[in-house]
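Written out below as structure tokens is the structure these notes cover.
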Amino acid sequence: MEYIAVFLAVIFPGALVAFNHETLQAIPKSAALRIYCAGIWHNAGLCVFCAISLFILPVILFPVYIHGEGLMVLHVASKSPLSRYLSSYDVIYSIDGTRINDVQEWLQIGSLITEQEYRSSYSAYKTSSAKGYCVPYSLLEKRIHVQLRGNKTICPNDLIDFVAAPCKELRLSEDWHVENIYCLFAKDILDFKKCGDGWAKASKNRSSCLCTQEESCVAPFLMPGVAWVEITYIRPFTPECQKFLRTSFLEDTNSDIGDIRCSESFVFIGDMASMLGSVHTTSYQPRWPTKFGAHFPSVLEKFLMSMFHVSLTLALLNSLPVYFLDGEFILELTLHYLWFLSP
1 MEYIAVFLAV IFPGALVAFN HETLQAIPKS AALRIYCAGI WHNAGLCVFC
51 AISLFILPVI LFPVYIHGEG LMVLHVASKS PLSRYLSSYD VIYSIDGTRI
101 NDVQEWLQIG SLITEQEYRS SYSAYKTSSA KGYCVPYSLL EKRIHVQLRG
151 NKTICPNDLI DFVAAPCKEL RLSEDWHVEN IYCLFAKDIL DFKKCGDGWA
201 KASKNRSSCL CTQEESCVAP FLMPGVAWVE ITYIRPFTPE CQKFLRTSFL
251 EDTNSDIGDI RCSESFVFIG DMASMLGSVH TTSYQPRWPT KFGAHFPSVL
301 EKFLMSMFHV SLTLALLNSL PVYFLDGEFI LELTLHYLWF LSP
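Pasting the structure below:
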């Protein structure tokens, strides 16, 4: 060994080991090749270690953390449209009635809703979202009349305009009559039965319309590219929820979240992609009712992912046949072996 150097690059710190070239030329070629490949194998080994650690991380953290039984919110951006409802350590239970167990499912259903939102953006007029609610006619009779400004329907205050139609026709027409449009509070209809084929669970039911004769299927009347997303969440560290979280509620994936007193629901109306980017979530929850260490699994995952990418990049970079990198000498020795083995 001729010398050892340490350097601090602009992006990340690194280190190198320099050997005397003449000494390496004097030793057997196989030994020199192992020396040149040592750094590459070191980084490759770190990649394998990080990949295995990420794969078995739920098992490693099992004594302290629960994995895959809800999506815990770690941070909500102050400018996020969800900051009015969600806060740190809340657990997102479902989206549009579909149970959310981990980050992957959260992103998958978000991508699906974004795709549906993108397809509807080609229309120039308001359309129904096909996510309807069975609202009693008695409530519709008390509606506030919708206002017309040109060809646009406008509801006063915080009311949302809804359109009433047969379940199978919620998406079929853009020529809605004003007498079928109602101004309602979104929070007043969330507890009603769902109808229409826009819900994720609609395909599992024999019929997408479960409304009785005393009810009408009404769906939000939205601008193109705007999503209607119903989110149900729980606050696990409140006294009410601590009583239920370790019972059959979390063990039974078919349990009715409406029966849990600590659950709350709200509706997000807007762009799904921007909503997903404004919330930092994790698939892990502390096994005990404490907020201490709730961020640790997320930090550990980021550390392992960063180490994996950096090690993989260094391994690939160092193996390139570029002057002054190990790849130059590895290629030289490899060509020497090929020439030696050739007849």
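Residue numbers for the sequence shown follow full-length UniProt numbering, so the first one is 1 and each next one is one higher. The beta-carbon is built from N, C-alpha and C at its ideal position, and this holds for glycine as well.
First through last residue of the alpha helix (DSSP H) which encompasses residue 298 | Here the alpha helix (DSSP H) through residue 298 covers 296–318.
> How many Å lie between residue 195 and residue 165 at the Cα?
Replying inline: Their Cα atoms are separated by approximately 11 Å.
Report the start-end ranges of each beta strand (DSSP E) in the segment 133–157 that is 3 residues or longer and not cut off at the edges.
Complete beta strand (DSSP E) runs here, min 3: 147–149, 152–154.
Should the segment 91–104 be regarded as contacting the segment 226–246, the criterion being three or more beta carbon pairs within less than 8 Å? Yes, they touch.
- Task: With residue 63 as the anchor, note down where its beta strand (DSSP E) starts and where it stops.
- Result: Per DSSP, residue 63 belongs to no beta strand (DSSP E) and is neither H nor E.
**Study point:** Coarse secondary structure for residue 272, derived from DSSP in three states
**Key:** Residue 272 falls in the helix class under three-state DSSP.
- What span of residues does the beta strand (DSSP E) with residue 242 cover, start to end? Where residue 242 is concerned, there is no enclosing beta strand (DSSP E), although the alpha helix (DSSP H) it sits in stretches over 239–242.
Exercise for review: Pick out whichever of 190, 73, 276, 35 has its Cα sitting closest to the Cα of residue 327.
Suggested key: 35 is the residue among 190, 73, 276, 35 whose C-alpha sits nearest the C-alpha of residue 327.
Beta-carbon proximity check, residue 182 vs residue 140, cutoff 8 Å: Closer than 8 Å, so yes.
_Closest to residue 276 by C-alpha separation, out of 83, 31, 39, would be which residue?_
Nearest of 83, 31, 39 to residue 276, Cα basis: 83.
task = Assign residue 206 to buried or exposed, taking buried as 16 or more other Cβ atoms, counted over all protein chains shown, within 10 Å of its Cβ.
result = Confidence is the limiting factor: at residue 206 the pLDDT is only 45, short of 50, which leaves the residue's position unreliable and the question unanswerable from this model.
Could you name the residues of the same chain whose beta carbon sits closer than 8 Å to that of residue 153, not counting the 5 residues immediately before and after it, in chain order?
Here the set comprises 126, 146, 147, 161, 178, 181, 221.
Q) Just the Cα atoms here: how many angstroms apart are residue 22 and residue 299? A) A direct Cα-to-Cα measurement between residue 22 and residue 299 gives close to 46 Å.
Worksheet item: Closest to residue 39 by CA distance: which of 316, 331, 332 is it?
Response: Comparing Cα-Cα distances from residue 39 to each of 316, 331, 332, the minimum goes to 316.
Three-way DSSP call (helix, strand, coil) for residue 209 in this model:
Shown here, residue 209 sits in coil according to DSSP, grouped into three states, outside any helix or strand.
Across which residues does DSSP place residue 220 in a beta bridge pair? Per the DSSP secondary-structure output, residue 220 pairs in a beta bridge with 162.
- Message: Suppose contacts are defined by Cβ-Cβ distances below 8 Å. Is residue 233 in contact with residue 264 by that definition?
- Response: Result yes, Cβ atoms of residue 233 and residue 264 sit closer than 8 Å.
Boundaries (first-last residue) of the beta strand (DSSP E) holding residue 234: Residue 234 -> beta strand (DSSP E) spans 227–234.
Anyone know if the C-beta pair for residue 356 and residue 54 falls short of 8 Å? Given that the chain is displayed from residue 1 to residue 343, the structure contains no residue 356 and the question cannot be resolved.
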